[in-house]
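Asker: 1120 is the number of the first residue of the sequence shown in the working numbering; add one for each residue after it.
C-beta atoms are modelled at their ideal positions from N, C-alpha and C, and glycine is treated no differently.
Since we're looking at a predicted model, the values are computed, not measured.
Pasting a structure here, questions to come.
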Amino acid sequence: MQTREITKAYFDEIVEVIDRWWGGPIGTFAHPIFFYELGDHALIVEEDNKMIGFLLGFIAHRPVRTGYVHLVGIHPDYRRRGVGRVLYAEFTERCRRAECERMKAITTLGNEGSIRFHEAVGWETEAIDDYAGRDRKRLVFTKVLGPSA
1120 MQTREITKAY FDEIVEVIDR WWGGPIGTFA HPIFFYELGD HALIVEEDNK
1170 MIGFLLGFIA HRPVRTGYVH LVGIHPDYRR RGVGRVLYAE FTERCRRAEC
1220 ERMKAITTLG NEGSIRFHEA VGWETEAIDD YAGRDRKRLV FTKVLGPSA
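And the structure:
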């Protein structure tokens, strides 16, 4: 498996496959801003010249420098083979080099795969009421990267 920075061709492929990989309509979450404006930290994983996973992430500067994981997709045939761990390891290293103090990701309460994954890779989990608006509770995952990590 090799990680690469996202290119326009990879972004276009993500838009084409995301609904199939996720098992439902989620393509609007792969907004072009994650290539054009925030693409410096977006990654793909490929094997045998085939994209098998992606991570759309960026670095936020408030309240502290934070590596934010917006969206991850893994080809269904490659799940539970370490693709997510490879993506997160590379993104974490890039966040460390960018002097981020922490990392963050968010999911809905029913996304059991995301919850299990983040717990398995050592992220803290907090359920926050009204995080995404009134009556829209979310699970917020965080990982400290600073000297105390």
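Starting from H1283 and walking both ways along the beta strand (DSSP E), at which residues does that stretch end?
Answerer: With the chain covering 1120 to 1268 only, the question about residue 1283 has no answer from this structure.
Asker: Can you find the residues in the same chain that come closer than 6 angstroms, C-beta to C-beta, to F1173, ignoring five residues on each side of it along the sequence?
Answerer: Around F1173: I1133, I1163, G1192.
Asker: Residues in the same chain with beta-carbon distance under 8 angstroms from Y1129, minus the five sequence neighbours each way, listed in chain order, please.
Answerer: R1123, I1163, M1170, F1173.
Asker: Hey, which unbroken runs of the beta strand (DSSP E) at 3 residues or more fall wholly within the segment 1185 to 1265?
Answerer: The segment 1185 to 1265 contains these whole beta strand (DSSP E) runs: 1185 to 1193, 1221 to 1226, 1243 to 1247, 1257 to 1263.
Asker: Using only the alpha-carbon positions, how far apart do D1167 and Q1121 sit?
Answerer: Answer to the nearest angstrom: the Cα atoms are 9 angstroms apart.
Asker: Kindly identify the DSSP beta-bridge partner or partners of K1169.
Answerer: Answer is E1166, bridged to K1169.
Asker: Can you name the residues that DSSP bridges to F1177?
Answerer: In the DSSP output, where bridge partners are listed per residue, F1177 has Y1187.
Asker: Helix, strand or coil for E1135 per DSSP?
Answerer: Helix, per DSSP.
Asker: Any idea if A1239 is buried or exposed, counting beta-carbon neighbours within 10 angstroms, 16 or more meaning buried?
Answerer: Exposed is the call here.
Asker: The beta strand (DSSP E) spanning I1122 covers which residue range?
Answerer: According to the sequence provided, residue 1122 is Thr. The question's Ile does not apply to it. Element bounds for T1122: 1121 to 1124.
Asker: With C-beta atoms as the reference, is L1258 less than 9 angstroms away from I1225?
Answerer: For L1258 and I1225, yes; Cβs fall inside 9 angstroms.
Asker: State yes or no: is the C-beta of C1219 within less than 9 angstroms of the C-beta of I1152?
Answerer: The answer is no: Cβ separation not under 9 angstroms.
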